[in-house]
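Have a look at the structure below before the remarks.
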Amino acid sequence: MKKCAILVLTMLFLGFGALVAQTSNAEGQISGRVFDEGKKAFPYATVSLTNVKDSSVVKGTLSGEDGGFQFKGLKDGSYLVSVYVVGYKKIIQGPYLVSVARPSYMIGDVQLAIDARELKAVEIVRQRPLIERQIDKTVINVENSAIAAGNSALEILEKAPGVTMDREGNVSLKGKQGVMIMLDGKPTYLSSEQLANLLRSTEGNAIQSIELITNPSAKYDAAGNSGIINIKLKKNQNYGTNGSVSAGAGYGRYHKANAGLAINHREQKLNVFGNFNYGKNKRYSGTDIVRVNNTVADKTY
533 MKKCAILVLT
543 MLFLGFGALV
553 AQTSNAEGQI
563 SGRVFDEGKK
573 AFPYATVSLT
583 NVKDSSVVKG
593 TLSGEDGGFQ
603 FKGLKDGSYL
613 VSVYVVGYKK
623 IIQGPYLVSV
633 ARPSYMIGDV
643 QLAIDARELK
653 AVEIVRQRPL
663 IERQIDKTVI
673 NVENSAIAAG
683 NSALEILEKA
693 PGVTMDREGN
703 VSLKGKQGVM
713 IMLDGKPTYL
723 SSEQLANLLR
733 STEGNAIQSI
743 ELITNPSAKY
753 DAAGNSGIIN
763 IKLKKNQNYG
773 TNGSVSAGAG
783 YGRYHKANAG
793 LAINHREQKL
803 NVFGNFNYGK
813 NKRYSGTDIV
823 RVNNTVADKT
833 Y
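Using the working numbering, the first residue of the sequence shown is number 533, and each one after it goes up by one.
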């Protein structure tokens, strides 16, 4: 009887632990699409996700070329989705309760409407648009925008128009590879992995703007012929020490593991960057050789 009771309690604890693990590992997702009054996809609209509990902005993003947007990796909670474009009415939808019972929401089409309110008094306040298209470059004004909240420099760069990045960290600008990445107008000369670690450790709130130069002039190095991405950091916020630590493990025929450490220290006239990577990967290679001899020799006896 005593053994039976212990077994029942053990099973209860295991079930409770599995339930807690299931709850804590739940990752929510909210997605949708933005359209204008003509039912056409609206790209580069500012979409922000707000926590209903404390009204804090969790994350921000831009709608894609097809008007689509997506927020991943959300914890359990209640959220509001806000869509804002200059000249259009601000749209707020929700709340959406993310939980284990319902971890994902597809809120469908969000249709914008032109803001045509008649005002008795007009106060003109100059505010830079999120995306500025100039003669020689496209500028994304990250400072004080929704995309700066909750995103790293790497995540913001991935959302920039015309920019794509593969799993190895190689950056392409409008389909061209070999793009030069600059910080405050200075080339980084880092490998793809080192650059990804540096951008991953840089908070979006520390970025002032990102310049996308598809056709660099002669004043730039020839290495940037494929395009240049210049990340400008906020003044007096680009100094100090930051870094990142990464680790991974896997198992195929043999065990394999890797670890990395990246540290960056910047002062007014000094910028020191160090990177250490360790990898243990034992590989197996096998070769099968099949030989067929179709030669027939004539023999006389």
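Where is the CB? At the ideal position from N, CA and C, for every residue including glycine.
Please identify the residue among the options whose C-alpha is closest to the C-alpha of residue i.
| i | options | result |
| --- | --- | --- |
| residue 567 | 700, 621, 738, 760 | 621 |
| residue 602 | 560, 725, 724 | 560 |
| residue 741 | 578, 694, 688 | 688 |
| residue 724 | 700, 712, 718 | 700 |
| residue 774 | 734, 580, 757, 808 | 734 |
| residue 580 | 572, 590, 664, 571 | 590 |
| residue 668 | 693, 640, 748, 573 | 748 |
| residue 645 | 572, 825, 779 | 572 |
| residue 583 | 570, 598, 606, 674 | 606 |
| residue 731 | 690, 635, 604 | 690 |
| residue 718 | 694, 693, 751 | 751 |
Would you decide whether residue i is buried or exposed? Buried here means 16 or more other CB atoms lie within 10 Å of its CB.
| i | result |
| --- | --- |
| residue 638 | exposed |
| residue 676 | exposed |
| residue 812 | exposed |
| residue 721 | exposed |
| residue 766 | exposed |
| residue 745 | buried |
| residue 666 | exposed |
| residue 802 | exposed |
| residue 808 | exposed |
| residue 794 | buried |
| residue 779 | exposed |
| residue 824 | exposed |
Just to confirm, is the Cβ distance from residue i to residue j under 8 Å?
| i | j | result |
| --- | --- | --- |
| residue 716 | residue 764 | yes |
| residue 810 | residue 790 | yes |
| residue 671 | residue 743 | yes |
| residue 736 | residue 681 | yes |
| residue 612 | residue 600 | no |
| residue 588 | residue 608 | no |
| residue 564 | residue 642 | yes |
| residue 614 | residue 623 | yes |
| residue 713 | residue 628 | no |
Per DSSP, which one or two residues make a beta bridge with residue i?
| i | result |
| --- | --- |
| residue 810 | 791 |
| residue 779 | 791 |
| residue 718 | 715 |
| residue 761 | 713, 744 |
| residue 629 | 610 |
| residue 580 | 592, 614 |
| residue 601 | 564 |
| residue 670 | 665, 744 |
| residue 734 | For residue 734, which the question treats as bridged, DSSP gives no partner whatsoever. |
| residue 774 | 796 |
| residue 641 | 565 |
Residue i CB to nearest chain C CB: under 8 Å?
| i | result |
| --- | --- |
| residue 695 | Reference to chain C is not applicable here, since this structure consists of a single protein chain. |
My understanding is that residue i touches residue j, with C-beta atoms under 8 Å, so please give their C-beta distance in whole angstroms.
| i | j | result |
| --- | --- | --- |
| residue 703 | residue 739 | Wrong, their Cβ atoms sit about 16 Å apart, outside the cutoff. |
| residue 728 | residue 686 | 6 Å |
| residue 594 | residue 576 | 5 Å |
| residue 708 | residue 792 | With 8 Å as the limit, residue 708 and residue 792 do not qualify as a contact, their Cβ atoms being about 28 Å apart. |
| residue 678 | residue 592 | 3 Å |
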